[in-house]
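Asker: One structure follows; several queries about it will come next.
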Amino acid sequence: MTEILSGLLLGAGFGFVLERAGFGNPNKLTGQFRLTDWSVFKVMFTAIVFAAVGLMVLERFGLVDAGSLFVPPAFLGAAALGGH
Amino acid sequence: MSNAKKILSQQQYLNPLLAGLLLGLVLLMTFVITGHGLGATGFTTRLAAWIGMYVAPAATNANDYLGGMVEEGKPLNAWITWQVLGVAIGALLSAFLAKRIHIQLDGKKFLGGSMRPMTALFGGILAGFGARVAAGCTSGLGLSGAAVLSLAGFTFLGTFFAVGLLASRFLKEEK
């Protein structure tokens, strides 16, 4: 039950913020690749830096166990090919 | 309502840096609560396994990748299913509040109006294929993977932006 609730609530937060940022509009991504609109880059990297620093701080205070976090395995060739 | 009026009545998109902070907060909360990040194609893969279970059960069971998911007969029984459902609800709510709900084909001047759904479908198939090769999509590997500072996440993001930049050079401008 808590799994269903956390999935629905965190997912709703994710979807709400993505729509607010304009990611419901495919022209945002095209604009990023044409370098006419930098919002995709700004949103993604702000989020990554915030979450990464946040995890580091929470780990320092012992609120998060870094060892139990899921880290994608480093199949670098596959990740690069998939990024295409 | 004319198009110009429709656009005027819409709310502006959120400032990218503020949206990024909020997205980072949701991502951080997800890691703290569940131990993993946010995703999207994890669900579509499970959906493919679920459809395969009914349409082609023998082939799905024999498949190295999908077989494991249908073993217990409930490929959709996973956290990510609820998360993706939540994404749809959250995005719908946001679009409704910002008066952005209407049906349209984006960029229909590009590659001919009637061909647009087909080119979009082809792009979607390519993106889905790439996400399984990389074992993650822009959300699962790019965003969540980079937030835990994984090499795979940054490798994905680097090639994602680099190849996207290159590929868009080879396609016609929209106007």
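Top line first, the protein sequences correspond to chains A and B. Per the numbering used here, residue 146 is the first one in the first sequence, and the count goes up by one each step. Per the numbering used here, residue -13 is the first one in the second sequence, and the count goes up by one each step. Just so it is clear, CB atoms sit at the ideal spot from N, CA and C, and this is done for glycine as well. Keep in mind it's a predicted model, so treat the numbers as computed, not measured.
What first and last residue would you give for the alpha helix (DSSP H) that runs through E164 (chain A)?
Answerer: To locate residue 164 (chain A), count along the first sequence from 1; it is residue 19. In the DSSP annotation of this structure, the continuous segment of the alpha helix (DSSP H) that includes E164 (chain A) starts and ends at T147 to A166.
Asker: Along chain B, which residues have their Cβ under 7 Å away from the Cβ of E204 (chain A)?
Answerer: In the first sequence, counting from the first residue as 1, residue 204 (chain A) sits at position 59. Neighbours of E204 (chain A) on chain B: none; closest Cβ ~10 Å, over 7 Å.
Asker: Which runs of the alpha helix (DSSP H) spanning at least 4 residues fall entirely within the region 35 to 97 of chain B, listed in chain order?
Answerer: 43 to 48, 50 to 56 and 65 to 83
Asker: By the criterion of Cβ-Cβ separation under 9 Å, what are the contact partners of G212 (chain A) in chain B?
Answerer: Here residue 212 (chain A) corresponds to residue number 67 of the first sequence, with the count starting at 1. Ordered by position in chain B, no residue passes the 9 Å Cβ test against G212 (chain A), which lies about 10 Å from the chain.
Asker: Under a three-way DSSP split, which group does F215 (chain A) fall into?
Answerer: Here residue 215 (chain A) is taken as the residue at index 70 of the first sequence, counted from 1. F215 (chain A) falls in the coil class under three-state DSSP.
Asker: Say whether chain A places a C-beta atom closer than 8 Å to the C-beta of H88 (chain B).
Answerer: Within the second sequence, numbered from 1, the residue matching residue 88 (chain B) stands at position 102. Judged by the 8 Å Cβ criterion, H88 (chain B) is not in contact with chain A.
Asker: Is it right to say W68 (chain B) is buried, meaning 16 or more other beta carbons lie within 10 angstroms of its own, or is it exposed?
Answerer: Taking the second sequence and counting its residues from 1, one reaches residue 68 (chain B) at position 82. So W68 (chain B) counts as buried.
Asker: Please confirm if T181 (chain A) has its CB atom under 8 Å from at least one CB of chain B.
Answerer: In the first sequence, counting from the first residue as 1, residue 181 (chain A) sits at position 36. No, no contact with chain B.
Asker: Check the Cβ-Cβ distances between G207 (chain A) and every residue of chain B, and say whether any is below 8 Å.
Answerer: The residue labelled residue 207 (chain A) in the question sits at position 62 within the first sequence. False, the Cβ-Cβ gap to chain B never drops below 8 Å.
Asker: Can you give me, in chain order, the residues of the region 25 to 51 of chain B that have a beta carbon less than 8 Å from any beta carbon in chain A?
Answerer: none
Asker: For G23 (chain B), which three-state DSSP category applies?
Answerer: In the second sequence, the residue the question calls residue 23 (chain B) occupies position 37. G23 (chain B): coil per DSSP, three-state reduction.
Asker: Tell me where the alpha helix (DSSP H) around M189 (chain A) begins and ends.
Answerer: In the first sequence, counting from the first residue as 1, residue 189 (chain A) sits at position 44. Looking at the DSSP string, the run of the alpha helix (DSSP H) that includes M189 (chain A) is S184 to R205.
Asker: Could you list which residues in chain A have their beta carbon closer than 8 Å to that of F142 (chain B), in chain order?
Answerer: Residue numbering aside, residue 142 (chain B) sits at position 156 when the second sequence is read from its first letter. Residues of chain A passing the Cβ test: A224, A225, G227 and G228.
Asker: Output, in sequence order along the chain, the residues in the region 58 to 71 of chain B whose CB is closer than 8 Å to any CB in chain A.
Answerer: W65, I66, T67, W68, Q69, V70 and L71
Asker: Taking all protein chains shown into account, do 16 or more other C-beta atoms lie within 10 angstroms of the C-beta of G222 (chain A), making it buried, or fewer, making it exposed?
Answerer: Within the first sequence, residue 222 (chain A) is the residue found at index 77, counting from 1. Under this definition G222 (chain A) is an exposed residue.
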